[in-house]
Amino acid sequence: MQHVLDYLQTHHDQSVSLNQLAKVAGYSPCHFQRLCQQKLGLGPGKLNELIRLQRGYFLLSYRTWLSVTDIAFDCGYESPDSFSRAFKRVTGYTPTQFKAQQATITPPLQPYLHQWNEETSTMPVPSQDDFNAQVSIISLPELEVCALRHSGYPARLNGSIQRFIGWRRQHKLPPDQYR
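Residue numbers for the sequence shown follow the numbering used here, beginning at 23 and rising by one.
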């Protein structure tokens with residue numbers, strides 16, 4: 023199933039058919055649809071929509087300079103209106119309201135992935151190749167670090183991240199050097 027999620031995330035701006043997803047998963051379309059429903063609790067079409075909305079959520083939260091129109095097209099929607107309707111149906115906010123209020127909402131796909139991650143997360147069994155790795159010790163230049171501690175409900179993490187981004191911008195620190 024992880025291959026399918028990765029595929030959908032890299033093809034978020036395209037229309038992806040059930041046959042394409044089934045091929046990526048290595049199953050017949052009918053079996054893949056049943057498997058998707060069983061593992062995630064939603065069908066492939068809904069999964070595709072939520073992944074596109076998850077991308078929109080990310081862009082609205084962290085790329086605040088982008089317009090809703092740009093975000094809608096980047097997420098593969100035909101128009102900003104269709105993106106806005108889908109976003110509101112899932113989150114309860116229009117993209118413009120969410121962007122203006124920086125509302126604390128659960129990312130669209132998170133409830134489904136949380137259940138799937140709990141079911142599939144196991145410690146991998148190390149292979150012999152893992153123990154034959156070449157180790158190198160390198161010295162890096164000194165680095166100044168800034169820490170912003172988040173405490174409280176995990177769904178409010180975006181607010182802490184936005185405060186850090188605001189601080190970084192206020193001090194004119196480029197994102198490629200200060201993350």
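From the three backbone atoms N, C-alpha and C, an ideal C-beta is built for every residue, glycine too.
Would you mind sorting residue i into buried or exposed? The rule is 16 or more other CB atoms within 10 Å of its CB.
i	result
Gly114	exposed
Gly188	exposed
Pro117	buried
Val112	buried
Arg171	exposed
Ile93	buried
Arg77	buried
Ser106	buried
Ser83	buried
Val90	buried
Ala44	buried
Ala169	exposed
Val26	buried
Leu81	buried
Ala108	buried
Leu30	buried
Can you name, in chain order, every residue of its own chain whose Cβ lies under 6 Å from the Cβ of residue i, other than the five neighbours on each side?
i	result
Arg74	His34, Cys97 and Gly98
Val38	Asn70
Pro51	Leu40, Asn41 and Ala44
For residue i, report the span of its alpha helix (DSSP H) as first-last.
i	result
His25	Gln24 to Thr32
Gly188	Leu179 to Gln192
Leu57	Pro51 to Leu62
Ile159	It is not in any alpha helix (DSSP H) - Ile159 carries neither H nor E in the DSSP assignment.
Val90	Val90 to Asp96
Asp103	Pro102 to Thr113
Ser39	Careful: Ser39 lies outside any alpha helix (DSSP H) and carries neither H nor E.
Gly10	The requested residue 10 does not occur in the structure, where the chain is confined to residues 23 to 201.
Ala197	Note that residue 197 is Pro in the sequence shown, not Ala. Run containing Pro197: none; DSSP gives neither H nor E here.
Ala169	Run containing Ala169: none; DSSP gives neither H nor E here.
Thr118	Pro117 to Gln123
By Cβ distance below 8 Å, which residues in the same chain neighbour residue i in space, the five residues on each side in sequence not counted?
i	result
Gly205	Examination of residue 205 is not possible in this model, given that the chain is present from 23 through 201 alone.
Gln11	No answer is possible for residue 11: the residues shown for the chain start at 23 and end at 201.
Ser104	Ala94
Quick one: does the C-beta of residue i sit closer than 7 Å to a heavy atom of the ligand GDP?
i	result
Glu100	This structure does not include the ligand GDP; it has no bound ligands of any sort.
Among residues of its own chain, excluding the 5 on either side of residue i, which ones have a beta-carbon nearer than 7 Å to its beta-carbon?
i	result
Gln42	none
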